[in-house]
Structures are given as C-alpha cells and as structure tokens.
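Heads up, the thing below is written out as structure tokens.
Residue numbers (the working numbering): 2 to 118.
Written as structure tokens, this is what we have:
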C-alpha cells in the first residue's frame, strides 16, 4: 500500500489547522483535495481526493494516522483506488504540502520516486 511517513512535530490537529483544499494540474493529470475530516479524538483524519488521469476519474480518501514522532500518510483501505501514477502523485502532493506547512521531513516511504523535494 503506498504510504509516506512524515517525521517531526506534525499532529492530526496541526494538519487540520494547516489543510487547504487544492487542485494540481500537470498535463492531463488533475489532483484535487476537497475536504478534511478529523476523527473526534484525533486518532485519524481523512482527506477526500479526486484524481483524473487519461479520462479516468477515481475518488478516494487519504488517511492520516498519528505515530510516535509524526504522521503516516496513506491510502484509506476501504476506498482502495487503483494504485495508478496519478494516485501515487496525489499521495505525494498531500505529504509534500503537510511537510512544508508543518516543518516536517520525509521518513519511510514506498513512493520515493513520486515525492516532491
């Protein structure tokens, strides 16, 4: 399952404060982050995503899960989109935006080639 660990002082609450909906276009690829849903006790959060690539639209959630010293950013298993290049880019976009906004750094990941420096 594609994922990125963000290390540093980033929490679910901080991510919620820093979240801004966005649309990213790169040629025929469109990545759109629409809404942020935080679990009441801040044990998890979901970001509603839409990815359009090659005329194919996928709607899914990216899940943020707290871990010691940071957050894990991954696809929410119940929505289980096709792990296409556009879906991996969406995950990388979300991780990058939180990394920059919260002053975090990249930790372990299995989408290293898609990450934005």
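Don't be surprised by glycine CBs; every beta carbon is placed ideally from N, CA and C.
Since we're looking at a predicted model, the values are computed, not measured.
According to DSSP, residues forming a beta bridge with residue 36: Taking the first residue of the chain shown as position 1, residue 36 is located at position 35. According to DSSP, residue 36 shares a beta bridge with 49.
- request: Determine the direct distance from the alpha carbon of residue 19 to that of residue 88, and round the result to whole angstroms.
  value: Numbered from 1 along the chain shown, position 87 holds the residue referred to as residue 88. Numbered from 1 along the chain shown, position 18 holds the residue referred to as residue 19. Cα to Cα, residue 88 sits roughly 22 Å from residue 19.
- prompt: Could you check where the alpha helix (DSSP H) with residue 162 kicks off and where it finishes?
  reply: Not covered by the structure: residue 162. The range shown for the chain is 2 to 118.
message: The beta strand (DSSP E) that contains residue 63, what's its start and end?
response: Against the chain shown, residue 63 aligns to sequence position 62. Here the beta strand (DSSP E) through residue 63 covers 57–68.
- request: With residue 27 as the anchor, note down where its alpha helix (DSSP H) starts and where it stops.
  value: Taking the first residue of the chain shown as position 1, residue 27 is located at position 26. Note, residue 27: premise wrong, no alpha helix (DSSP H); beta strand (DSSP E) at 23–27.
field: Beta carbon of residue 46 nearer than 8 Å to that of residue 11
entry: By 1-based counting over the chain shown, the position of residue 46 is 45. By 1-based counting over the chain shown, the position of residue 11 is 10. The answer is no: Cβ separation not under 8 Å.
task: Assuming residue 4 contacts residue 73 (C-beta within less than 8 Å), just tell me the rounded distance between them.
output: Looking up residue 4 in the chain shown gives position 3. Looking up residue 73 in the chain shown gives position 72. 6 Å between Cβ atoms; contact.
task: Determine the closest residue to residue 71 out of 99, 21, 39, with distance taken between C-alpha atoms.
output: Within the chain shown, numbered from 1, the residue matching residue 71 stands at position 70. Residue 71 has its Cα closest to that of 99, out of 99, 21, 39.
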